[in-house]
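**Q** Chains as they are written, first to last, in this note's numbering: chain A, 24 to 292; chain B, 4 to 232. We put the CB at the ideal spot given by N, CA and C, even for glycine.
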C-alpha cells in the first residue's frame, strides 16, 4: 500500500515537472492549442462556405502562433468552459473574446489587451432615454455570464438588469419593449444597431471599457511574456490594425473605429 | 475543483440571492402545477365527453409533447405578444411579467402529459366496472366518481408524481426569458464570481430536497389511497 502511494506521488511530481514550462512544451510539440468561439461573429465563427472557423480572434491567435514559430490548432470553446479549459491545460492560450476582470485574474493570467471596446447601452430612439440616469426604474437586458451583465448590475443600480442566453434574445427583448435598454459591448451591439433601421441609438456614456486579452494558465510567466512580445510586434508592424480593419473596418457592415491600440495589462488591472 | 471556493456561500448577499431564487422556483412550480393538474383533468373530460372533436385535444397534447419545452416558452414570451395587436402588446409589456408567460407555457406543457397519464389510468379500469356500477343503478357521474376515477387515479398515481418531479425541474427553463429562478441565480453567481462548483452545488441540493419531499408526499398519498380500497 505504501509502495503504491509512493508510485502515485512520484507520478504526480513527474507530471507536474513536465508541465512546469508550457512555452517550452508548446515549442517542442510544435503546436499552439488555441481556444476560440465557434459562434460569435466576427470574432470566432464558422464560415458558411469553407466550414472553417474564422474571425478576428482567430487571426490574432494565428499571428501569435506564427510569431512563436509553431502551428495553430484551433479548438472551439463555450463561454463557461473558457477558464476551466485553461486551468486543466486542454488549451494553451484563450482568444475567445476574453475580457479582463479582477475575479478572472485570480484564476488565469491576462496578456496585454489586443482589443479595447466600450460597453454601451442601446435604447430605442423614440424612448427619450438620453443617459444612464434616465434608465432609473427601467429594465436593461444583458447577455448571461458576460462582463456587460456584471458591470450593468454594478453601475445601473437603479435599473433592473435581466439576463438572456444570447445577443439575439437580449436584443429581441429591447425590440419588443420588454426592456428599455440593452447593455452590450459596442462591437457586438453595433450589429443589432445597424440592422434596426434607425430605430435604436447608443447612449454616449460607456458602462466601462472592455479589454479583450489573451488568457493563459496561471504561473506560466514565459508563455505570458512571449504572448505580450508577440502582440507588441503585431501592433508595431501594423498587423493588428489590418486584422481589425478586416473584421470591423469601413469595408464591412460594422464600420467601427479602433479607438485604442494594444494596452498593457498594468493599465487596467 | 476548488473546495475553498465554497466560502462564497457564507456571503449573506449570496444566501439571499439563493433564497429568492428558491422562492421563485417554488412559486413557478406551485402555480404551474395547480393549473396543469386542473387543465389535465379538464382535457380528459373534454376528450371522453366528446364536447370537442377528440382530434382537437389530441393536437394540443401532441404539440406539447413533441415540441421542445424551451421553444414553447419562447413562443409564449416572444412569439405570442408579437402577433397580438399593438395595444394588447403594450398592455402585455406593462402588466404581464416573464413569470406569467413562464407559468402559462409550463402549465400547458405539463397538462398535456398529465391528461395522457390520467387517460391511461381510466383506460386501465375494465369497462365491466362501469357496466356493473350502472347496472346497480348508479348514475353516470356517480359511477365515474366512485368506481372509475377512484381506481384510475390510483393506477395513474406513480406517473402523476413523476410529472410533478419533471415539472419542478422544467421550471429551470424559465431562466431563458429572464425569470430569476434558482438556475438563473446560480448562473448569475457563476458569472460574477467564477465559483462554478458552489454555484451549481447549491441548486443541486435544493432541487434534490424538493424532489425528495415531493416523492415522500406522493408515496404518502398512495399509501393512504391503498387503505380506502
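How would you label residue 8 (chain A), buried or exposed, when you count the other beta carbons within 10 angstroms and need 16 or more for buried?
**A** For chain A, the structure presents residues 24 to 292; residue 8 (chain A) sits outside this window and is missing.
**Q** What are the boundary residues of the beta strand (DSSP E) that residue 231 (chain A) is part of?
**A** 231-240
**Q** Going straight from the alpha carbon of residue 174 (chain B) to that of residue 216 (chain A), what length do you get?
**A** Linking residue 174 (chain B) to residue 216 (chain A) through their CA atoms gives a straight-line distance of about 33 Å.
**Q** Buried or exposed: residue 54 (chain B), going by 16 or more other Cβ atoms within 10 Å of its Cβ?
**A** exposed
**Q** In the DSSP assignment, the beta strand (DSSP E) including residue 96 (chain A) goes from what residue to what residue?
**A** Note, residue 96 (chain A): beta strand (DSSP E), 94-99.
**Q** Can at least three beta-carbon pairs, one atom from the segment 81-91 of chain A and one from the segment 279-286 of chain A, be found at a separation below 8 Å?
**A** The segment 81-91 of chain A, when compared against the segment 279-286 of chain A, does not touch it at the 8 Å Cβ threshold.
**Q** Suppose contacts are defined by Cβ-Cβ distances below 8 Å. Is residue 197 (chain B) in contact with residue 177 (chain A) by that definition?
**A** no
**Q** Ordered along the chain, which non-local residues of its own chain (more than five positions away) have a Cβ less than 7 Å from that of residue 222 (chain A)?
**A** 147, 148
**Q** Run through DSSP, which three-state label would residue 76 (chain A) get?
**A** strand
**Q** Just the Cα atoms here: how many angstroms apart are residue 106 (chain A) and residue 241 (chain A)?
**A** 11 Å
**Q** Contact between the segment 178-187 of chain A and the segment 152-165 of chain A is defined here as three or more beta-carbon pairs at a separation below 8 Å; is this criterion met?
**A** yes
**Q** Quick one: residues in its chain with C-beta nearer than 8 Å to the C-beta of residue 94 (chain A), no 5 flanking neighbours on either side, listed in chain order?
**A** 53, 54, 55, 88
**Q** Are any of the Cβ atoms in chain B nearer than 8 Å to that of residue 186 (chain A)?
**A** yes
**Q** Tell me which residues of the segment 193-227 of chain B have at least one Cβ-Cβ distance to chain A shorter than 8 Å, keeping chain order.
**A** 193, 194, 195, 196, 197, 199
**Q** Nearest to residue 237 (chain A) by alpha carbon, out of A:96, A:135, A:78, A:195?
**A** A:135
**Q** Short of 8 Å in beta carbon distance, which residues of its chain neighbour residue 157 (chain A), apart from the five on each side in sequence? Order them along the chain.
**A** 151
**Q** Quick one: which unbroken beta strand (DSSP E) runs of 3-plus residues sit fully inside the segment 155-185 of chain A? Chain order, please.
**A** Correct list: 162-166.
**Q** From B:195, B:156, B:181, B:133, pick the residue whose C-alpha is nearest to that of residue 47 (chain B); which is it?
**A** Ranking B:195, B:156, B:181, B:133 by Cα distance to residue 47 (chain B) puts B:156 first.
**Q** Taking any Cβ of chain B, which residues in the segment 97-117 of chain A have a Cβ under 8 Å from it, in chain order?
**A** 103, 106, 107
**Q** Run through the segment 36-90 of chain B for me and flag every whole alpha helix (DSSP H) of 4 or more residues, listed as ranges in chain order.
**A** 57-69, 72-77, 83-86
**Q** How should residue 174 (chain A) be labelled, buried or exposed, when 16 other C-beta atoms within 10 angstroms of its C-beta is the threshold for buried?
**A** When all chains shown are included, residue 174 (chain A) counts as buried.
**Q** The segment 139-173 of chain A: which residues have C-beta closer than 9 Å to a C-beta of chain B, in chain order?
**A** 162, 164, 167, 168, 169, 170, 172, 173
**Q** Measuring only the C-alpha atoms, how far is residue 250 (chain A) from residue 96 (chain A)?
**A** It is roughly 16 Å from the alpha-carbon of residue 250 (chain A) to the alpha-carbon of residue 96 (chain A).
**Q** Between residue 77 (chain B) and residue 179 (chain B), is the Cβ-Cβ spacing less than 8 Å?
**A** yes
**Q** Apart from the five residues on each side of it in sequence, which residues of its chain come closer than 6 Å, Cβ to Cβ, to residue 75 (chain B)?
**A** Within its own chain, the residues whose Cβ lies closer than 6 Å to the Cβ of residue 75 (chain B), once the five positions on either side in sequence are excluded, are 108, 112, listed in chain order.
**Q** I need the DSSP call for residue 61 (chain A), collapsed to helix, strand or coil.
**A** coil
**Q** Is the segment 140-153 of chain B in contact with the segment 66-73 of chain B, if contact means three or more CB pairs nearer than 8 Å?
**A** Between the segment 140-153 of chain B and the segment 66-73 of chain B there are fewer than three inter-stretch CB-CB distances shorter than 8 Å, so the stretches are not counted as touching.
**Q** Mapping DSSP to helix, strand and coil, what is residue 228 (chain B)?
**A** helix
**Q** Tell me where the alpha helix (DSSP H) around residue 147 (chain A) begins and ends.
**A** Element bounds for residue 147 (chain A): not the alpha helix (DSSP H) but the beta strand (DSSP E), 131-147.
**Q** Find out if the Cβ-Cβ distance for the pair residue 206 (chain B), residue 185 (chain B) is shorter than 8 Å.
**A** yes
**Q** Return no unless some Cβ of chain B is closer than 8 Å to the Cβ of residue 201 (chain A).
**A** The Cβ of residue 201 (chain A) sits closer than 8 Å to at least one Cβ of chain B.
**Q** Residue ranges of each alpha helix (DSSP H) run of no fewer than 4 residues wholly in the segment 145-191 of chain B, ordered along the chain?
**A** 153-173
**Q** Among the candidates A:279, A:271, A:153, whose CA atom is the shortest distance from the CA of residue 224 (chain A)?
**A** A:153
**Q** Give the DSSP bridge partners of residue 55 (chain A), in chain order.
**A** A:95
**Q** Would you check if the distance between the CB atom of residue 168 (chain A) and the CB atom of residue 100 (chain A) is smaller than 8 Å?
**A** no
**Q** Pair every Cβ in the segment 186-193 of chain A with every Cβ in the segment 201-217 of chain B, then say whether three or more of these pairs are closer than 8 Å.
**A** Contact between the segment 186-193 of chain A and the segment 201-217 of chain B is not established, with fewer than three Cβ pairs separated by less than 8 Å.
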